Amino acid sequence: MKTIELRLNVPEEILYTLNETKTDFIKQMKLYTAMELYKIQKLSMGKASELAEMNKVDFMFELGKYGIPVINYDEDDFKEEVERIMKR
21 MKTIELRLNV
31 PEEILYTLNE
41 TKTDFIKQMK
51 LYTAMELYKI
61 QKLSMGKASE
71 LAEMNKVDFM
81 FELGKYGIPV
91 INYDEDDFKE
101 EVERIMKR
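So for the sequence shown, my numbering puts the first residue at 21; every next one is plus one.
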């Protein structure tokens, strides 16, 4: 996978306030960004877990911890799925 480097300027006080190292902060930013992009359906599960540098199972666990649905069904999709299952 080819990568690009992004720079993000963050006030030092933020890291002190959070009591996090630069490495931990970067890891958390990747995870939070990946979760949000997955939540708003900008990234697939695979791409979001890749951004978070996690396997899909671990990423799904993190989504659950933050109350983000692993499967994004709207009400109509859910009804269609239930109907399809009931026809079996």
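Built from N, CA and C at the ideal position, the CB exists for glycine as well. Quick caveat: nothing in here was measured; it's all calculated off a predicted structure.
When DSSP states are grouped into helix, strand and coil, R104 belongs to the helix group. Taking a 10 Å sphere around the C-beta of M106, we find fewer than 16 other C-beta atoms and assign the residue as exposed. For D78, the enclosing alpha helix (DSSP H) has its first and last residue at K76 to K85. If you ignore the 5 residues before and after F79, its C-beta comes within less than 6 angstroms of the C-beta of S69 and A72, all in its own chain and listed in chain order.
For the pair M65 and K76, the CB atoms are nearer than the 7 angstroms cut-off.
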